[in-house]
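Trainee: Per our numbering: the sequence shown = residues -6 to 207. Dropping a structure here in structure tokens format, bear with me for questions.
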Amino acid sequence: MALWPLFLNNQGRLIHKWKHYFPAYERHFHRYVTRPVTFLEIGCGEGGSLQMWKQYFGPLATIVGIDIRPECSAFEEDQIHVRIGDQSDETFLKAVLSEFGTPHVVLDDGSHIMEHIAATFGYLYPRIADDGVYMVEDLHTAYWEEYGGGYARPGTFIEQCKHLVDELNAEHTRGAVEETHFSKTTLSMHFYDSIAVFERGATGTKFAPQIGTR
């Protein structure tokens, strides 16, 4: 099932998404379609995206939305669960994971505030499935002061991602960058306009064979 037509033909609750996000969604989420996936969306908006993900992933999916606004509880329906709390509160996040289990996919479309994004990522990323996907969208706010952003400003999630690129390659830095849990459990990082995606996994033993004749 293609995601873009679901969006265009939506007759349910309001969905507000950037058009250029959809190819990234398809690329990174498609392998979970019709599987028993637990999909965690941070930020419920008007409730339409929760319904879209339910349609996209299919009848085996568990869709969990979290939001700080109590009125979002009204978005609950079959397969869709909403929990009210602060996305940067580890106690709240722990309770969500205890209730619904390990998420396969996390989509951060929450407050877009740099401090919140970093806190949520720091807690949730090590706790998603070993082959899971973590996507942060609307990262243009990393350049906007009202969200704690600014070009090359220390502490923004974009600047954190730049450091994480080095962590991903830590094994090759000859000791300049220490290997971390992130280094050892992250298969890849992907960047799009306003989006960062992290795919968990491991490359296994690394070697560079030479095959063929000269």
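For glycine and all other residues, C-beta sits at the position ideal for the given N, C-alpha and C.
Roughly how far, in whole angstroms, is the beta-carbon of F150 from the beta-carbon of A135, given that I think they are within contact range, below 8 angstroms?
Mentor: Right, their Cβ atoms sit about 5 angstroms apart.
Trainee: Please name the residue, chosen from W46, E69, F50, V75, that lies closest to D60 on a Cα-to-Cα basis.
Mentor: Cα-wise, what sits closest to D60 is V75.
Trainee: Return the Cβ separation of P186 and V170 in integer angstroms, given the expectation that the two are a contact with Cβ distance under 8 angstroms.
Mentor: Here residue 186 turns out to be Asp, not Pro, going by the sequence shown. Actually they are not in contact, since the Cβ atoms of D186 and V170 sit about 27 angstroms apart, beyond 8 angstroms.
Trainee: Our contact map puts A189 next to V98 with C-beta atoms below 8 angstroms; I'd like the distance itself, whole angstroms only.
Mentor: Between V98 and A189 the Cβ distance is about 14 angstroms, and since that is not below 8 angstroms, they are no contact.
Trainee: Are A163 and S181 touching if we call contact CB-CB under 7 angstroms?
Mentor: No, the Cβ-Cβ distance between A163 and S181 is not below 7 angstroms.
Trainee: Since R6 and G40 are thought to touch, with beta carbons under 8 angstroms apart, how far apart are those beta carbons, to the nearest angstrom?
Mentor: Contact holds; Cβ gap of about 4 angstroms.
Trainee: Just to confirm the assignment, what range does the beta strand (DSSP E) spanning I56 have?
Mentor: Taken as a continuous stretch (DSSP letters only), the beta strand (DSSP E) holding I56 covers 55 to 60.
Trainee: Using three-state DSSP, classify F200 as helix, strand or coil.
Mentor: Coil.
Trainee: I'd like to check one pair, D124 with R208: are the Cβ atoms closer than 7 angstroms?
Mentor: With the chain covering -6 to 207 only, the question about residue 208 has no answer from this structure.
Trainee: Hey, could you find the ends of the beta strand (DSSP E) S181 is sitting in?
Mentor: Where S181 is concerned, the enclosing beta strand (DSSP E) stretches over 179 to 185.
Trainee: If we ignore side chains and look at the alpha-carbon of each, how far apart do I35 and R207 end up?
Mentor: Straight-line Cα distance between these residues: approximately 54 angstroms.
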